[in-house]
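Below is one structure, written out as structure tokens, with a few remarks after it.
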Amino acid sequence: MKKQQKHFLIAVLAGALLYFLLPEANGLTKAGIAMLSVFLPTIYLWLTCGTSWTSLLSVTVAVLLGTYAGANAYGTLWGNVVCAAIIPFMMVATVLEESGAFEWIVKWIISRKFIHGRPTLFMIMFTLAMIIISIFTAPQVVAVLFFKLLEDVTTSIGYTKEDGFYKSQGLLIGWISQLCDGTLIWGRPYILTMVAIVAGLGFGNFSAATYFKFAGLYLLFAVVVAILMVKLWMRPDVSKFKSFDDAAMREELKKTPISKRGKIALAGMAVILLCYILASMEFLGPVATYFSGITIAAPVTLVCALLCVITVDGKPVMDFGKAAAKVPWGMIVFLGAIMFYAGAVGGEDYGITLCLQNILGPVVAKMPVIVTIIIGLIVASLATNFCSNTVSGVIVCSSCIPALMSVPGINQAQVLAFGCAVIAICGTAICTLSACPLMGIIYSDIGIEYKGTAKYSVAFCAVMIVICAAILIPVGTGMFAGLV
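The sequence shown lines up with residues 993 to 1476 when you count with my numbering.
Put into structure tokens, the structure is as follows:
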């Protein structure tokens, strides 16, 4: 029997035991028992067997047990607005990547004249370039692109991949690209699913734009911490940086400008982001209302379709079949399953949230709220560095938020800020080889050696937990006061 089959049998047995032995108590209903008998084994399968076929199976079993109407379940799995936006967004990003536009933009940023002979400014601009490119594409693409450029720069100034300059900048690539995946909201499956989870736990007005108010601050603090750690703690030798020939790079860019295909795709992506920004500017009144009403799916779908119509040298800017083939469909199915459970687990008919409040509420009520918050953040950070970011976030939010909400007199805005902190912390999965798929690239032949990096990454995560508890959650509490 293969390992995957063993895990499957364990999940089936656990589900059966939960279904027949879990009592209707503490507010948990019969429908809630059936839902938990599917959801909890599903989490186990996600951790042991991946998130693709397991997600398809999970939703189907929930339907077969009668816990959710079949049409609604599959409508959520395949027809939710998040998947409708993510699929064309990834297709547009594929065109940008293949056109070479990303590489051109990065080279332009890091070849400015004021960087010459100034390694700290280079590091800042290198980081800024990562953030900008991360808006448009996945962290794995960012990492591969920036390691290629870093190797070229390192070699050109007389360093090797074994030197501190390369290693420190390589670690920065890992940190920043992963941080962006947990904070930049545009086209981010992880963020959109976690926002849905938190919204389903009693914060119906919570949106990705609301989360970004918190996440933007988190990213700002994280970038400052990362740069200071490289400069003041790692302190790599940068004496050879004066040899960096930024003038030659500028000359290269003049000779090889962005292709027409790349420019058109960039313009399309700019339109998409503009629509998203307009939707979040509430002071614009009817304009913001309109762009919010068309949902996040409409702008990106329109651009995707138009790129298939517009031609360059007789060929469409986007080959729909080729672009669609590169969409990670396993991730799309997982995203749909998360959206399904986001709407189901917090439902009143199931009593799961009420049950957690009744069980955990008395325990949490005996502790200062800040202690519960810090424990929750520590658990989130530990979990996300050893298993799925999304699964870690789902577990911590689904258990801690209901418990905090049950505390008499609790400030709900503070609980929402805590939920935002959990999303951001779970997105900071950087300490281990298995923390997230990106780390498999960072600590590989094209990246850096893992040995000696853990102490920096662990310290980084610890600092961000402190910043969340001491600064960002109090600030977030004030920001969200009018939302809850």
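All residues carry an ideal CB built from backbone N, CA and C; glycine is no exception.
- Each residue's CA atom was taken as its position, placing residue 1015 and residue 1206 some 39 Å apart.
- Under the 8 Å Cβ criterion, the stretch 1251 to 1268 does not count as touching the stretch 1145 to 1155, having fewer than three qualifying pairs.
- Around the C-beta of residue 1297, fewer than 16 other C-beta atoms lie within 10 Å, and the residue is accordingly described as exposed.
- Residues 1101, 1102, 1104, 1107 of the same chain have their beta carbon placed closer than 8 Å to that of residue 1117, with the five preceding and five following residues left out of the count.
- Exposed is the label assigned to residue 1227, since fewer than 16 other Cβ atoms lie within 10 Å of its Cβ.
- Within the stretch 1278 to 1303, the runs of alpha helix (DSSP H) at least 4 residues long that lie entirely inside it are, in chain order, 1278 to 1285, 1289 to 1301.
- Between the stretch 1371 to 1378 and the stretch 1415 to 1423, the count of C-beta pairs closer than 8 Å reaches three or more; the two stretches touch.
- Remark: C-beta atoms of residue 1059 and residue 1023 approach each other more closely than 7 Å.
- Assigned with DSSP and collapsed to three states, residue 1307 falls in strand.
- Excluding its 5 nearest sequence neighbours in each direction, residue 1136 has C-beta neighbours in its own chain below 8 Å: 1433, 1438, listed in chain order.
- Excluding the 5 residues flanking it on each side, residue 1193 has same chain C-beta neighbours closer than 6 Å at 1338, 1393, in chain order.
- With contacts defined as CB atoms closer than 7 Å, residue 1319 and residue 1079 qualify as a contacting pair.
- Residue burial is scored here from C-beta neighbours: residue 1395 has at least 16 other C-beta atoms within 10 angstroms and is therefore classed as buried.
- When secondary structure is reduced to three states using DSSP, residue 1114 falls in the helix class.
- The straight-line gap separating the alpha-carbon atoms of residue 1350 and residue 1398 is approximately 8 Å.
- Shown here, residue 1214 sits in a helix according to DSSP, grouped into three states.
- In this structure the stretch 1165 to 1174 touches the stretch 1126 to 1144; the number of beta carbon pairs closer than 8 Å is three or more.
- Bounds of the alpha helix (DSSP H) holding residue 1238 are 1238 to 1247.
- Rounded to the nearest whole angstrom, the C-alpha separation of residue 1176 and residue 1067 is 27 Å.
- With a cut-off of 8 Å on Cβ pairs, the stretch 1435 to 1453 is not in contact with the stretch 1401 to 1410, counting fewer than three such pairs.
- The three-state secondary structure of residue 1044, taken from DSSP, is coil.
- 7 Å or more divides the Cβ of residue 1249 from the Cβ of residue 1267.
- DSSP places residue 1473 outside both helix and strand once states are collapsed to three, so it counts as coil.
- Taking all protein chains shown into account, residue 1160 has 16 or more neighbouring C-beta atoms within 10 Å of its C-beta and is therefore buried.
- Ranking 1209, 1146, 1203 by CA distance to the CA of residue 1237 puts 1146 first.
- The C-beta separation of residue 1183 from residue 1196 comes to about 18 Å, leaving the pair out of contact by the 8 Å criterion.
- Secondary structure at residue 1184: helix, using DSSP grouped into helix, strand and coil.
- The stretch 1320 to 1336 makes no contact with the stretch 1083 to 1096, as fewer than three CB pairs between them are under 8 Å.
- DSSP places residue 1090 in the uninterrupted alpha helix (DSSP H) bounded by 1073 to 1091.
- Judged by beta-carbon spacing, residue 1050 lies beyond the 7 Å limit of residue 1040, meaning their Cβ atoms are not closer than that value.
- In the DSSP assignment, residue 1331 falls within the unbroken alpha helix (DSSP H) covering 1321 to 1336.
- Rounded to the nearest angstrom, the gap between the Cα atoms of residue 1122 and residue 1031 is 37 Å.
- Per DSSP, reduced to three states, the secondary structure at residue 1153 is coil, with no helix or strand assignment.
- Pairing residue 994 with residue 1348, the inter-Cα distance amounts to about 36 Å.
- For residue 1412, the enclosing alpha helix (DSSP H) covers residues 1404 to 1418.
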